[in-house]
Each structure stands twice: as structure tokens, then as C-alpha cells.
Amino acid sequence: MHVVVNAATSADGKLSSRRREQIAISGPEDFERVDALRADCDAVMVGVGTVFADDPHLTLDDPDRVADRENGGEPPHPARVVADSRARTPPDARVLDDAATTYLLVGEAAPRERVGALKDAGARVVVAGAERTDLEGALAELESRDIERLMVEGGGELIFSLLEAGLVDELSVFVGPKVIGGREAPTLADGEGFVEGFPELSLEGVERLDEGVLLRWRV
Ligand SMILES: NC(=O)C1=CN([C@@H]2O[C@H](COP(=O)(O)OP(=O)(O)OC[C@H]3O[C@@H](n4cnc5c(N)ncnc54)[C@H](O)[C@@H]3O)[C@@H](O)[C@H]2O)C=CC1
Ligand SMILES: Nc1nc(O)c(N)c(N[C@@H]2O[C@H](COP(=O)(O)O)[C@@H](O)[C@H]2O)n1
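For the sequence shown, UniProt numbering assigns the number 1 to the initial residue and increments by one for each residue that follows.
Structure (C-alpha cells):
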């Protein structure tokens, strides 16, 4: 599987403010690029923290891209994937509507009644790991279901875990023209943080977009 992490940060590296509300960092050119990247992937993944904060839909905006996928024999939208160890996704979350297939990656300890309610809401549940979702196992299971190219949109906890597990191939970061600040505000990679064995990045591209810059790294 090929894993591309894509996110937008403020000039000071924040994904959002300390209130963890969705903040428009990208402009129209970057949103257009993100839509094209989504269209090129088999699935789009977020952590459940992002579902709580943003209630994203994770589908394609451009109807031409939907038509192109259908003409190519693909589903109209990429599948949606939520890393959700304890099955906390609200059953009425937008990612669970019937626009696309949605996988929830849960741990074995996820309460059965919540898993049942989410299956009733249409989710396909993948169990990997005891408490926290085992991302390596879960991604291997997704690959067995024909997800070869996975786009990860955040947030910071999930991105850190994927980097820590050595599961990221590419990192695209749009750095936008805002300063958010705040020690509690989420950053591109949160979690425990690295103290050694820092992932090494190789710069593949730099491009001016909107009022910011797109950085593309190979991990
Ligand atoms: N600017 C941008 O491009 C984006 C910004 N965001 C922002 O990021 C914030 C949400 O980020 P976070 O709170 O860090 O949440 P997150 O979206 O990274 O989700 C973290 C949660 O995922 C679950 N999870 C399951 N298995 C996991 C594993 N192995 N490792 C890590 N997490 C695992 C856990 O329940 C954990 O609490 C929001 O403020 C949102 O607005 C989110 C996506 C994109
Ligand atoms: N690329 C990008 N730029 C921004 O400025 C953002 N605020 C985000 N946020 C993420 O975009 C996703 C929204 O999905 P839908 O439009 O609902 O499909 C979600 O993952 C946000 O956290 N991204």
C-alpha cells in the first residue's frame, strides 16, 4: 500500500487552534489540489479526533472527477476510513452517510454495543489491535480489500502514529498565511513525539499556491 499524508498547517505548524475547530488554512487552489488527490486514491483516512472536531464528509467536490472515476469502473468516491480504537464515531457522523463505503478501524476492546450501532449505521468494521488500533494490521486488512493508495488527512495524533510505525510514503503540507499559536493547538505530528529515530524526509517539490506554499516530501 502507498500512503500519502496531506494536511494544511498555519505558518507556525498548527492544524487548528486550541479550540480544535476547523480553520480554513487552504485557499481555493489548494482545495482543488486536495480534491484531485482524493480522486486519485482508493480511500481517505482521518482519526476520530478529526471526526469529532470537523465532522468531515471526505468525498469529492468536483462532479467531473466523480464521473471520471465511474467511467473507469471505480466507485464514485474513494472509501472513507476512520481510526477509531473505541468505536466513538457518532452514528450520525457525515462520514457514515451512504455517499461512499466507510471503514472503522477499531481495537478488540471497543464496546460491542457501539460497534453494533455503527454497523447498523452502515460502517464496515475492521478489528486490529487490543486497545488502540494497530495501524499496520489494519492497513494490511484494507489492502486485502483492494485499497492500494491511501490518503491520510489528519489529525496530528494519527499522523504521528503512522510516522512512528513507518507507514508513511509521502507527506504533502500546505503552509498557509496564518499564525495560530497556542501550546495546546494540534500540530502536524502530535502524539508522544520523537526523541530519536526522527523520520528523515527528502524534499520532492516546492510550489507557491494561493497565499502559501506546498511542500512535498518523500519519507
Ligand atoms: N488542517 C488540516 O489539514 C487538518 C486539521 N485537522 C485538525 O486536527 C484536529 C484533530 O486532530 P487530533 O485531535 O490529533 O485527532 P486525530 O484525528 O488524529 O484522531 C486521534 C484519535 O484517533 C484514534 N486512533 C485510533 N488508533 C490510533 C492510533 N494508532 N494512533 C493515533 N490515534 C489513533 C484515537 O481515538 C485518537 O484519539 C482537529 O482540530 C482538526 O480540525 C484534522 C485534519 C486535517
Ligand atoms: N487541506 C485542508 N485545508 C484546510 O484549510 C483545512 N481546514 C483542512 N481540513 C480538513 O479537510 C477535511 C474536510 O473534509 P470535507 O470538506 O468535509 O470533505 C477534513 O479532513 C478537515 O480536517 N484541510
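Just so it is clear, CB atoms sit at the ideal spot from N, CA and C, and this is done for glycine as well.
Helix, strand or coil at Glu-192 according to DSSP, with G and I counted as helix: By one-based count along the sequence shown, residue 192 stands at place 192. Three-state result, Glu-192: coil.
DSSP bridge partner residues for Gly-47 (one or two, in chain order): Here residue 47 refers to the residue found at position 47 of the sequence shown. Per the DSSP secondary-structure output, Gly-47 pairs in a beta bridge with Ala-83.
Terminal residues of the beta strand (DSSP E) in which Phe-174 lies: If you number the sequence shown from 1, residue 174 lands on position 174. Start and end: 170-175.
Runs of beta strand (DSSP E) lying entirely within the region 91-153, each at least 3 residues, in chain order: 102-106 and 124-127
Cβ distance (whole Å) where Leu-142 is taken to contact Val-126 below 8 Å: On the sequence shown, residue 142 is found 142 positions in, with the first residue counted as 1. On the sequence shown, residue 126 is found 126 positions in, with the first residue counted as 1. Right, their Cβ atoms sit about 7 Å apart.
Status (buried if at least 16 other CB within 10 Å, exposed otherwise) for Val-179: As a first step, residue 179 is located in the sequence shown; it is residue number 179 there, counting from the start. Label assigned to Val-179: exposed.
Neighbour-count burial assignment, Arg-112, 16 or more Cβ in a 10 Å radius: Position 112 of the sequence shown, counted from the start, is the residue given in the question as residue 112. Arg-112 is exposed by the Cβ-count criterion.
Residue closest to Leu-139, alpha-carbon to alpha-carbon, out of Val-46, Glu-200 and Ile-25: Here residue 139 refers to the residue found at position 139 of the sequence shown. Checking every option, the nearest Cα to that of Leu-139 belongs to Val-46.
Option in Leu-58, Ala-110 and Val-213 with minimal Cα separation from Ala-11: Reading the sequence shown from its first residue, position 11 is the one you call residue 11. The shortest Cα separation from Ala-11 among Leu-58, Ala-110 and Val-213 belongs to Val-213.
Glu-108 classed as buried or exposed, judged by whether at least 16 other C-beta atoms fall within 10 angstroms: The residue you call residue 108 lines up with position 108 of the sequence shown. Under this definition Glu-108 is an exposed residue.
Top-ranked residue by Cα proximity to Gly-197, from Thr-187, Ser-172, Ala-185 and Gly-166: As a working note, residue 197 is residue 197 in the sequence shown. Closest by alpha carbon: Gly-166.
Residue range of the beta strand (DSSP E) that includes Val-34: Here residue 34 refers to the residue found at position 34 of the sequence shown. DSSP places Val-34 in no beta strand (DSSP E) but in the uninterrupted alpha helix (DSSP H) bounded by 28-39.
Classification of Arg-80 by the beta-carbon crowding that lies within 10 angstroms, buried from 16 upward: Along the sequence shown, read from residue 1 onward, the residue named residue 80 stands at position 80. Per the 10 Å Cβ criterion, buried.
Thr-59 Cβ short of 7 Å to ligand 2 heavy atom set: Numbered from its first residue, the sequence shown carries residue 59 at position 59. Checking the Cβ of Thr-59 against ligand 2 gives yes.
Inter-residue spacing [alpha-carbon to alpha-carbon] between residue 235 and Ala-24: The first residue shown for the chain is 1 and the last is 219, placing residue 235 beyond what the model contains.
Contacting residues, own chain, Cβ-Cβ under 8 Å from Glu-29 (five flanking each side not counted): By 1-based counting over the sequence shown, the position of residue 29 is 29. Here the set comprises Leu-209 and Asp-210.
Whole-Å CB distance - Ala-83 paired with Thr-133, under 8 Å assumed: Within the sequence shown, residue 83 is the residue found at index 83, counting from 1. Within the sequence shown, residue 133 is the residue found at index 133, counting from 1. Between Thr-133 and Ala-83 the Cβ distance is about 5 Å, and since that is below 8 Å, they are a contact.
C-beta atoms of Gly-154 and Ala-7 nearer than 8 Å: The count along the sequence shown starts at 1 and reaches residue 154 at position 154. The count along the sequence shown starts at 1 and reaches residue 7 at position 7. Cβ atoms of Gly-154 and Ala-7: closer than 8 Å.
Cβ contact (3+ pairs, closer than 8 Å) linking the region 154-164 and the region 98-105: The region 154-164 is not in contact with the region 98-105.
Top-ranked residue by Cα proximity to Pro-78, from Leu-60, Ala-53 and Arg-88: Walking along the sequence shown from the start, residue 78 turns up at place 78. Closest by alpha carbon: Leu-60.
Simplified DSSP assignment, three categories, for Arg-18: Start at 1 with the first residue of the sequence shown, and residue 18 comes out as number 18. Three-state result, Arg-18: coil.
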